[in-house]
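Chemist:
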Amino acid sequence: MQPSYLKEKVIGLRKKGYSYSLIEQKLGVSNSTLSDWLKDVPFNPNKTVLRRIKNGPSISGRIRHNLKVKDVIEIKKLAKKELGKITKRDLWLLGLGLYLGEGSKTYEMVRIINSNPQIIKLAVKWFKEICQLEDTNITISLHLYPDNNIDECVKYWKKETNLPLTQFRKTQIDKRTDKSNKRKRKLPYGTAHLTIISNGNKNLGVRLHRKIMGWIENIFERT
């Protein structure tokens, strides 16, 4: 295509409301040449250009999101590889870290409170495999808000913990309006209060709490 004819095509497309990028796509003319040829040509964007401008942020957002998702997947794969196999000692120390953060420490009662099912599941696993407890030693009491469905919440936590219904204690409903309004819909299944009971075994009551605290204190002394 001759330069003069090409320039006419460029000017014609510009007068029809096409942007530099679209003209470059159609005719293969560089941006610098377009700037020179079209510096005196008025520009009124057509529907195609306006649509691209409108959809630009959305497309850009999707691209950024997809890149983020890809990066997260790759990092998690690497993290899993670095972590390797979890040994019993790893689980022991992990559980102590969990108890240090989420467990009852002031009163001599073994209890972990959380709304995250993964935290509660890990706690159940830790108590069973490290502390050698049975299902009958582990109880759960749900603390809910007025907008929570009690039956659905009990069913949910039963499935997550794999504990029988016999280990679920009376559900508590927090009816304080100031707190309920803040928590509404933020905790769809409430908070699980996981408490250990001794069932007559003196080593699983106060003594277990003292033992756990002894483990934790010993870690501090060694680090």
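Start counting at 1 in the sequence shown, then tack on 793, and there's your number in my numbering. For every residue, glycine included, the Cβ atom is placed at its ideal position computed from N, Cα and C.
Are residue 1076 and residue 954 touching if we call contact CB-CB under 9 Å?
Modeler: Any answer about residue 1076 is impossible in this case: the structure gives the chain only from 794 up to 1016.
Chemist: Is residue 794 helix, strand or coil when you go by DSSP?
Modeler: Any answer about residue 794 is weak, because its pLDDT of 49 lies below 50 and its placement is not dependable; what the coordinates show is given next. In the structure shown, residue 794 sits in coil (DSSP, three-state: anything other than H, G, I, E or B).
Chemist: Could you pull the DSSP bridge partners for residue 896 from this structure?
Modeler: BP columns for residue 896 point to 905.
Chemist: Distance, Cα to Cα, residue 1042 vs residue 941?
Modeler: With the chain running from 794 to 1016 in the structure shown, residue 1042 is simply not present.
Chemist: Measuring alpha carbon to alpha carbon, tell me which residue in 932, 912, 983 and 904 is nearest residue 1005.
Modeler: Out of 932, 912, 983 and 904, 904 has the C-alpha closest to the C-alpha of residue 1005.
Chemist: Quick check on residue 917: buried or exposed, where buried means 16 or more other Cβ atoms within 10 Å of its Cβ?
Modeler: When all chains shown are included, residue 917 counts as buried.
Chemist: Measure the beta-carbon distance from residue 926 to residue 989 and round it to whole angstroms, keeping in mind my assumption that it falls under 8 Å.
Modeler: Residue 926 to residue 989, Cβ: 7 Å. Contact.
Chemist: With DSSP collapsed to three states, give me the class of residue 929.
Modeler: In the structure shown, residue 929 sits in a helix (DSSP, three-state: H, G or I).
Chemist: Among 861, 815, 959 and 943, which one has its Cα closest to the Cα of residue 981?
Modeler: When only C-alpha atoms are compared, the closest one is 943.
Chemist: For the structure I just gave you, are there three or more beta carbon pairs, one from the region 833-846 and one from the region 863-878, closer than 8 Å?
Modeler: No, the region 833-846 does not touch the region 863-878.
Chemist: Beta-carbon within less than 6 Å of residue 1016's beta-carbon, same chain only, minus the 5 sequence neighbours each way: which residues are those?
Modeler: Here the set comprises nothing.
Chemist: Taking buried to mean at least 16 other C-beta atoms within 10 Å of its own C-beta, is residue 992 buried or exposed?
Modeler: The residue is exposed, with fewer than 16 neighbouring Cβ atoms inside 10 Å.
Chemist: Could you check the C-alpha separation between residue 946 and residue 910 for me, to the nearest Å?
Modeler: If I take the Cα positions, the gap works out to 12 Å.
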